[in-house]
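Residue 136 is where the sequence shown starts when you use our numbering, and the numbers rise one by one after that.
Beta carbons are placed, not taken as given, at the ideal position from N, Cα and C, and that holds for glycine.
Here's the structure, in structure tokens; my notes come after.
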Amino acid sequence: MFTDPAVLPCPAESPSAPLRRAPRRSGRVLFALSATEWKLFFPHVAGTGAAPRAHWCDQVNGSGSPGEVEMLRFAGDAGGAGLEEALRRLRPDVLVSSWTTPPLPGFVPEKMQDSVEYEASNVAPLPDAASMHHPFLDNEGRPMPRCVFHTTGSVRRLLNRAYLERGGIVTNWGDIAAQGVAEHALMLTLSSLRRQPDWAPVIAGHKHWAPAPVYTQTLIGKRVGLHGMGHVARALSQLLRPFGVKLQAWSAGVPSQVYADAQITEAPGLEHLFATSDVVIECEALTPRTLGQVSREVLLHMPPGALFVNVGRGLVVDEHALAELAALGRIRIALDVYRCDPIEPDSPLHGVESAILSPHIAGPTSDQFALCGELVMRNLEAWFTGAPLEAVLSLEMFDRST
């Protein structure tokens, strides 16, 4: 279903600001979100039945004609056929999407895969002005939105590579999630070092409380290795510095200057990273190159009693070897991601008493979803006023995502 189409001219007040500049081009925006997503990402206008109200006035743009932006809402839970009909009838310039948005007709992904959050550059320029005057069409000649502003991370379930190859523009939540994921990784690390799973039966009276020894460990001064050098790894490096850790990282193909800029020691290789770290935090992206990269052999390089934390992707790691080594007490584990999400009921990880397991909830936290919506609104303002967009997905970034 749709809200009644309406041009939204410059209201005096609006809770969803910061859109204040007059548009230089007219256009139409279609929000294809479920009711739940609508409330999460745009809480200031949820329940009003309207799309976010823009602080845009009908002023004269560079071509001498009024710039008007029409915003409409489509219930994302209406299914793929409903979205296709909406796109055909309304012909929006921009599609705002989220988890439940059906695949984009004409650019349906060939294979639906588990999503991973990819990284986006902070700011990217718009395509050349001449290309903006041509309709954006799929292979069958059907008009499609030139821009997809995604409220969350991966767009692999939404569209394929051809959309970007034809000049389509995609943005996502950028690095908003990175801080939350890094914070969660730190929480898992501290909880495991302090042996949090051991204390529940003691507090409940099922185990005797022996004052000493408790065998807990501190993070202060530990050797910490990061597998990955993306937004999460860099955010983690900042959170870890007050603990005085000896920090190193490794990710295949990352230039040495990236490590230098982040003030992180570059490890010579994956095996060395695991062999010389008391704590390894997995935050690598999932690609064909990294699939299964952390093998049993790599895990065996870890010092006895070392801690492995995973907030990246479960398929990067040999999960069965991970469970086996943890059950034997060879290593400790704290995980937020798994080979299958949600974790399988018969997974051997359930039998590891010392493990800390969370259900893929590292980030962003619920109080950050509104920030994702604000990023979308900033990009809408930027698009219709000719300013640079934030968190734009390049072909290279798309190829690194799954």
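Endpoints, the alpha helix (DSSP H) within which residue i is located
i	result
cysteine 507	504-520
arginine 296	296-300
isoleucine 311	311-328
leucine 530	530-535
Straight-line Cα distance separating residue j from residue i
i	j	result
alanine 505	serine 430	38 Å
alanine 462	glutamate 488	8 Å
leucine 492	glutamate 479	12 Å
glycine 303	arginine 330	49 Å
leucine 230	phenylalanine 166	6 Å
arginine 104	methionine 437	An answer regarding residue 104 cannot be provided, because it is not within the stretch 136 to 537 covered by the chain.
alanine 186	phenylalanine 177	Per-residue confidence for alanine 186 stands at a pLDDT of 44, beneath the threshold of 50, marking its modelled position as unreliable; no derived number is given.
serine 326	glutamine 352	10 Å
valine 232	proline 477	Just to set this straight, residue 232 is serine in the shown sequence, not valine. Their backbone Cα atoms lie some 23 Å apart in a straight line.
proline 244	aspartate 228	21 Å
tryptophan 385	alanine 456	21 Å
leucine 168	leucine 354	42 Å
valine 433	valine 472	19 Å
glutamine 115	phenylalanine 284	There is no way to answer for residue 115, as the model of the chain reaches only from 136 to 537.
tyrosine 350	lysine 357	16 Å
cysteine 507	leucine 405	34 Å
glycine 440	tryptophan 308	37 Å
arginine 296	phenylalanine 533	7 Å
histidine 319	arginine 223	42 Å
leucine 328	phenylalanine 378	13 Å
glutamate 417	glycine 276	44 Å
leucine 442	leucine 272	51 Å
proline 494	alanine 317	16 Å
Start and end residues, beta strand (DSSP E) containing residue i
i	result
histidine 495	No beta strand (DSSP E) contains histidine 495, which DSSP labels as neither H nor E.
arginine 163	162-168
phenylalanine 117	As displayed, the chain neither begins before 136 nor continues past 537, which places residue 117 out of reach and without an answer.
glutamate 275	Run containing glutamate 275: none; DSSP gives neither H nor E here.
serine 232	229-232
isoleucine 468	467-470
glutamate 525	524-527
threonine 306	304-306
Residue j beta carbon less than 9 Å from that of residue i
i	j	result
valine 414	valine 451	no
glutamine 383	alanine 410	no
lysine 381	valine 359	yes
leucine 375	alanine 469	no
leucine 460	leucine 426	no
histidine 362	aspartate 310	no
proline 336	alanine 490	no
arginine 163	leucine 218	no
phenylalanine 242	leucine 207	no
glycine 388	leucine 421	no
isoleucine 399	serine 372	yes
phenylalanine 519	valine 204	yes
Residue i: CB within 8 Å of a non-hydrogen atom of the ligand SAM
i	result
aspartate 476	Absence of the ligand SAM from the depicted structure is noted, as is the absence of any ligand whatsoever, leaving it without description.
Problem - Length at least 4, wholly inside the segment 337-380: the alpha helix (DSSP H) runs in chain order - result: Listed in chain order, the complete alpha helix (DSSP H) runs (minimum 4 residues) inside the segment 337-380 are 366-375.
Handout entry: Complete beta strand (DSSP E) runs within the segment 394-465 (minimum length 3 residues, chain order)
Key = Counting only runs of 3 or more residues that sit fully inside the segment 394-465, the beta strand (DSSP E) segments are 414-417 and 442-445, in chain order.
Problem - Touching by the beta-carbon criterion (3+ pairs, under 8 Å), the segment 523-530 and the segment 292-307 - result: Enough Cβ pairs lie closer than 8 Å, so yes.
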